[in-house]
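Novice: Sending over a structure as structure tokens; questions will come in a sec.
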Amino acid sequence: MILFRGKLYPTEKQNELLGILEKRIDHTLAHGSLDRETVISALDGLAARTALGEFDQLIAQVAPDDVLHYKQAAITAMKRENLELRLSVELPDSIMKNSGTGCLMHSVRPLGTLFHIAAGNAEGLPAMSVLEGLITGNVNILKLPSADSGLTIRILGELIQSAPELADHLYVFDTPSSDIEAMKRMAEMADGIVVWGGETAVKAVRALAPAGVKLIEWGHRLGFAYISGYTDEQAELSALAKHIAETGQLLCSSCQVIYLDTYDKNETDRFAERFLPYLERAADIYLHTDVGAAAQLSVRRYCERLEKAAGLSAQKGRHTYYGRNCSVTVCGDSTPELSGMYANVLVKRLPAEHILPVLRRKKGELQTAGLICTPERRAELTEILLRSGVNRVMKAGDMSAAFTGEAHDGEYPLRRYIRNTDIEF
Amino acid sequence: MDARNALFSHPDPYDLKGTGKLFIRAMRECCIYHYIHCPEYREILDSMRFDPYEIKKPSDIAALPFLPTVFLKRHRIYSMPQYRMPIKATSSGTGGVYSRIGFDTKGLYCGLKMVLKVFGLRGIVSPQPCNYVILGYKPHKGNHTAIAKTAYGYTLLTPAVSRTFALKFRDGEYKPDLEGVAAAVVRNSRSPFPTRFIGFPAYTWFMLKIMDERGMNVKLPKGSKIMLGGGWKQFYKEQVDKTEMYALAKKVLDIDEENIIESYGAAEHPILYCDCRNHHFHIPVYSRVIIRDVNTLEPLGYGRVGLVNLITPMVYGTPIQSIVTDDLGIMHRADECGCGVRSPYLEIIGRAGFTDVKTCAAGAEEILKAAGGDAK
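Structure below.
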């Protein structure tokens, strides 16, 4: 399905519509303007309707186990007070107000046209990316991820219904990623390409982007937990286990590695044994409902055990504690890395003195640290983690929680979607 | 006669009850052989405290450690020196990684007896000459896939008048030539001999569609057959309702449903599961199938979805007597079918994997593959 100027078209119309898209966009850029208040009130209206339960059924189709969570996340992202708070933090008056220096007048304009290539790992992310583009006044072309459930077009369609003037700023295509030609055409019309995904996706997009187009990359990042003593051990380990099982370790903010502040080689094993029952209990609650995925994970764990037994294991220097639908692997090294995901976490030693040199080797790839420690060490450890390149330091259970007004991977997204202009009097 | 040979010589290929004890004996002999000759396999059994000499009852077979196909794809393990294995076949390697299975001479002989018996019951082995259309790979010295070897082998079940291949090796890669196939079919319709189609269901479906779109409806001689095997592979999205395919085969080629025969098998489990007239894969005496819980890997009974554990004592070259595939399936009781075959049947309903799960990396792989890069 394609959404073009507020109307739905079948996928087959793609090339025909792409043929007239540039003309439409040029017309909008020349004559149109998007009033920020229009966007905010349309979004706020949608948030209110979501709160009243109008979209409950739709959300249930996409995330049957998680309706409340998604509903709340959608309302939080769209309601007026939060949008205004975001704008005041990310684009404060000091940046947005027209000002002058000598014979120059400075003003802020939208970047122009944004081409969004969204990842499918979080429902609502493609729509969210476009909303950020709209609120900064840009024309938006969105390529849906192949795994999109149809939610995105519904949200954006509703938005246009409540504010028809958005129609000229919003084009959604369900182009498959294999249609490089079509993606190149979209890229050529854009002033900025917003890409969500891992290193491989970013590289592929760089390859198809024309020179001179601004690339706005939201790459794949790593999250980890750091433990240096406890305030309330049971509660903190439960919260961490819950976070790991609930997010399936699929998000950039998800915990992949649990670091222990210790030099003691045996401590990692003692911890793995202690943590496994916590993880098992959490994995029971957030067990994979998809049979195919559950099957693959069970076979993978079983296969690792066979390899170990047959002396064919590729994982030298590591050993794994297996639990029901989860595992804890003790590693001899201390490098941050992606875990096996889906409640298969890694445990490594990292004495506080070594945090900076070790983490710096992965600078630019780190995002969230979930810090568990005694209250008196919190300030000191937070500081060293930030200095090491980590952008968010959270409580272990809140690693993937979203907070209004927070930066994303160390930046304010909205600021990347505008440009500063100067006019001489 | 050793137990394996006796099992593969059993007169009724669906007499599971009558071969229960024989099957266990053949499994014991096979496991002991691999235990002695394959050091990696011995380590696995030892680590799981499984004694192959103690295989005495059905529950021992369920307890026997199985190898997932992914293990066989990562590690080439054998129980015989290479020169004693006349045929080494690879799986077709959906996703680029494949396993390599070695077959011993006696095992191949058992396999031949099995094919003749199972296909014999379906009227496939015959002295009647046939034209063959292979909707699969044309053999090539660089292609060791079991599917190519099997497809070619099937053309030996009757005298072959001609052979046409849908996938031809040109400029260093296999390219589909469905146009050429359609032309051959029209030519074959004027032949006095029946035509047999062999190959992937997806290609068969595409061929039927192309011919139908062009109004190329022919009447093939009586006795013409379509033999489907190899699953839908990368064409899962195109998977059509079987009845739709049967209707189109009748319309385009004048082949009746009873002459459309589907088989199921794998390089890692070379047993021939041929469908009955109701298109169900009944378990032959040469193997046993256990459906396993996707979380605990424990055996499940009838009617529940799980991983498919395929068990056979046929092969001595590679320890594949108990393997788990990527398929998800359900076992049904014999009487649910109604075709008269007295053995339970296996229904394949999907594949293990993260098809419905969305990760950050998933989209990336798609883009990269399309851009011609390596997605690893």
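Order-wise, the sequence lines are chains Z and H. Letter by letter, the first sequence follows residues 910 to 1334 of my numbering. Letter by letter, the second sequence follows residues 8 to 383 of my numbering. All C-beta atoms in this analysis are idealised placements derived from N, C-alpha and C, irrespective of residue type, glycine included. Treat the numbers as computed from the prediction; the structure is a model and nothing was measured.
Based on DSSP bridge pairs, tell me the residues matched to MET214/H.
Specialist: Taking the second sequence and counting its residues from 1, the one referred to as residue 214/H is at position 207. MET214/H is not bridged to any residue.
Novice: Give the residues of chain Z in contact with GLU50/H, contact being defined as C-beta atoms less than 7 angstroms apart.
Specialist: Position 43 of the second sequence holds residue 50/H. The answer, in chain order, is ALA1218, ALA1219, GLY1220.
Novice: Could you check whether the Cβ of PRO326/H sits closer than 8 angstroms to any Cβ belonging to chain Z?
Specialist: As a position in the second sequence, residue 326/H is number 319, starting the count at 1. Not an interface residue.
Novice: Assuming ALA273/H is part of the beta strand (DSSP E), what are its boundary residues?
Specialist: Along the second sequence, read from residue 1 onward, the residue named residue 273/H stands at position 266. Segment 267 to 273, the beta strand (DSSP E) holding ALA273/H.
Novice: Quick check: SER1243/Z and ARG1269/Z, are their CB atoms within less than 8 angstroms of each other?
Specialist: One-based indexing of the first sequence puts residue 1243/Z at position 334. One-based indexing of the first sequence puts residue 1269/Z at position 360. Not in contact: SER1243/Z and ARG1269/Z (Cβ atoms no closer than 8 angstroms).
Novice: Whole angstroms is fine: what's the gap from GLY1128/Z's alpha carbon to TYR1080/Z's?
Specialist: Position 219 of the first sequence holds residue 1128/Z. Position 171 of the first sequence holds residue 1080/Z. Rounded to the nearest angstrom, the two C-alpha atoms are 23 angstroms apart.
Novice: Would you identify the three-state DSSP class for ARG1324/Z, choosing helix, strand or coil?
Specialist: Taking the first residue of the first sequence as 1, we reach residue 1324/Z at position 415. Three-state DSSP puts ARG1324/Z in a helix.
Novice: Counting Cβ pairs, one atom from each stretch, are 3 or more of them under 8 angstroms apart for the stretch 1144 to 1160 of chain Z and the stretch 1185 to 1202 of chain Z?
Specialist: Yes, the stretch 1144 to 1160 of chain Z touches the stretch 1185 to 1202 of chain Z.
Novice: Assign PRO75/H to one of three DSSP states: helix, strand, or coil.
Specialist: Indexing the second sequence from 1 puts residue 75/H at position 68. PRO75/H: strand per DSSP, three-state reduction.
Novice: Could you work out which residues of chain Z lie near LEU74/H, taking near to mean beta carbons separated by less than 8 angstroms?
Specialist: Looking up residue 74/H in the second sequence gives position 67. Residues of chain Z passing the Cβ test: LEU1215.
Novice: Flag ASN1234/Z as yes if its beta-carbon sits less than 8 angstroms from any beta-carbon of chain H, otherwise no.
Specialist: Position 325 of the first sequence, counting from 1, holds the residue named residue 1234/Z. Output row for ASN1234/Z: interface = yes.
Novice: DSSP state of HIS276/H, grouped into three classes?
Specialist: As a position in the second sequence, residue 276/H is number 269, starting the count at 1. Correct three-state label for HIS276/H: strand.
Novice: With 9 angstroms as the C-beta to C-beta threshold (strictly closer), list the residues of the stretch 1195 to 1208 of chain Z near chain H in chain order.
Specialist: The stretch 1195 to 1208 of chain Z vs chain H, Cβ under 9 angstroms: LEU1196, HIS1197, ASP1199, VAL1200, GLY1201, ALA1202, ALA1203, ALA1204, GLN1205, LEU1206, SER1207, VAL1208.
Novice: Answer yes or no: does any C-beta atom of chain Z fall closer than 8 angstroms to that of GLY272/H?
Specialist: As a working mapping, residue 272/H is identified with position 265 in the second sequence. GLY272/H does not count as touching chain Z.
Novice: Can you tell me where the beta strand (DSSP E) holding HIS1015/Z begins and where it ends?
Specialist: In the first sequence, counting from the first residue as 1, residue 1015/Z sits at position 106. That run of the beta strand (DSSP E) goes 1013 to 1019.
Novice: Tell me the residue span of the beta strand (DSSP E) that contains ILE131/H.
Specialist: Taking the first residue of the second sequence as 1, we reach residue 131/H at position 124. No beta strand (DSSP E) holds ILE131/H; DSSP gives it neither H nor E.
Novice: Restricting to Cα atoms, I'd like to know which of LEU1275/Z, LYS1174/Z, TYR1135/Z is closest to ILE1281/Z.
Specialist: Within the first sequence, the letter at position 372 stands for residue 1281/Z. If we check each option's Cα against that of ILE1281/Z, TYR1135/Z comes out closest.
Novice: Could you check the C-alpha separation between ILE262/H and LYS216/H for me, to the nearest Å?
Specialist: As a position in the second sequence, residue 262/H is number 255, starting the count at 1. As a position in the second sequence, residue 216/H is number 209, starting the count at 1. The straight-line gap from Cα to Cα measures roughly 15 angstroms.
Novice: Chain Z partners of GLY310/H, CB-CB under 9 angstroms?
Specialist: Sequence index remark: in the second sequence, residue 310/H carries index 303 (1-based). Going along chain Z, no residue has its Cβ under 9 angstroms from GLY310/H, so there is no contact; the nearest lies around 14 angstroms.
Novice: According to the Cβ coordinates, are ALA951/Z and LEU1051/Z closer than 8 angstroms?
Specialist: Numbered from its first residue, the first sequence carries residue 951/Z at position 42. Numbered from its first residue, the first sequence carries residue 1051/Z at position 142. No, the pair does not count as a contact, with Cβ atoms beyond the cut-off.
Novice: Please report the distance separating the alpha-carbon of ARG1063/Z from that of ALA972/Z.
Specialist: In the first sequence, counting from the first residue as 1, residue 1063/Z sits at position 154. In the first sequence, counting from the first residue as 1, residue 972/Z sits at position 63. Between ARG1063/Z and ALA972/Z, the C-alpha separation is close to 15 angstroms.
Novice: If we define contact as Cβ-Cβ less than 8 angstroms, is TYR1231/Z a contact residue for chain H?
Specialist: Counting from 1 along the first sequence, the entry for residue 1231/Z is found at position 322. Closer than 8 angstroms: no.
Novice: Using only the alpha-carbon positions, how far apart do HIS1025/Z and VAL132/H sit?
Specialist: If you number the first sequence from 1, residue 1025/Z lands on position 116. If you number the second sequence from 1, residue 132/H lands on position 125. Looking at the two C-alpha atoms, the distance is approximately 58 angstroms.
Novice: Against chain Z, which members of the stretch 103 to 121 of chain H pass a CB distance test of less than 8 angstroms?
Specialist: Correct list: empty, as no residue qualifies.
Novice: If you draw a straight line from the alpha carbon of THR26/H to that of HIS17/H, how long is it in whole angstroms?
Specialist: Residue 26/H sits at position 19 when you count from the first residue of the second sequence. Residue 17/H sits at position 10 when you count from the first residue of the second sequence. Their Cα atoms are separated by approximately 8 angstroms.
Novice: Return the Cβ separation of MET325/H and ILE278/H in integer angstroms, given the expectation that the two are a contact with Cβ distance under 8 angstroms.
Specialist: As a position in the second sequence, residue 325/H is number 318, starting the count at 1. As a position in the second sequence, residue 278/H is number 271, starting the count at 1. According to the sequence as given, residue 325/H is Thr; it is not Met. The pair is not a contact, with the Cβ atoms about 14 angstroms apart (cut-off 8 angstroms).
Novice: Any beta carbon of chain H sitting closer than 8 angstroms to that of CYS1012/Z?
Specialist: Looking up residue 1012/Z in the first sequence gives position 103. So, not an interface residue.
Novice: Pick out whichever of ALA1181/Z, ALA1056/Z, PHE1133/Z has its Cα sitting closest to the Cα of SER1162/Z.
Specialist: Residue numbering aside, residue 1162/Z sits at position 253 when the first sequence is read from its first letter. When only C-alpha atoms are compared, the closest one is PHE1133/Z.
Novice: Looking only at DSSP bridge pairs, what is TYR1172/Z linked to?
Specialist: Locating residue 1172/Z in the first sequence gives position 263, counting from the first residue. DSSP, once it has assigned bridges, lists no residue as partnering TYR1172/Z.
Novice: Could you check where the beta strand (DSSP E) with GLU354/H kicks off and where it finishes?
Specialist: For the purposes of this step, residue 354/H is taken as the residue at position 347 of the second sequence. Residues 352 to 358.
Novice: State the start and end residues of the unbroken beta strand (DSSP E) segment that holds LYS1257/Z.
Specialist: As a working mapping, residue 1257/Z is identified with position 348 in the first sequence. Residues 1253 to 1258.
Novice: Mind checking whether the beta-carbon of GLU1041/Z lies closer than 7 angstroms to any heavy atom of the ligand SAM?
Specialist: As presented, the structure is devoid of all ligands, the ligand SAM included, so that no description of it is given.
Novice: Over the uninterrupted alpha helix (DSSP H) stretch that includes GLY308/H, give me the two end residues.
Specialist: Position 301 of the second sequence, counting from 1, holds the residue named residue 308/H. Unbroken run through GLY308/H: none, as it is neither H nor E.
Novice: Residue range of the beta strand (DSSP E) that LYS141/H falls in?
Specialist: Reading the second sequence from its first residue, position 134 is the one you call residue 141/H. According to the sequence provided, residue 141/H is Ile. The question's Lys does not apply to it. Here the beta strand (DSSP E) through ILE141/H covers 137 to 144.
Novice: Are VAL1039/Z and LEU1065/Z touching if we call contact CB-CB under 8 angstroms?
Specialist: Taking the first sequence and counting its residues from 1, one reaches residue 1039/Z at position 130. Taking the first sequence and counting its residues from 1, one reaches residue 1065/Z at position 156. Contact: yes.
Novice: In this structure, does DSSP put GLU50/H in helix, strand or coil?
Specialist: Taking the second sequence and counting its residues from 1, one reaches residue 50/H at position 43. It is helical.
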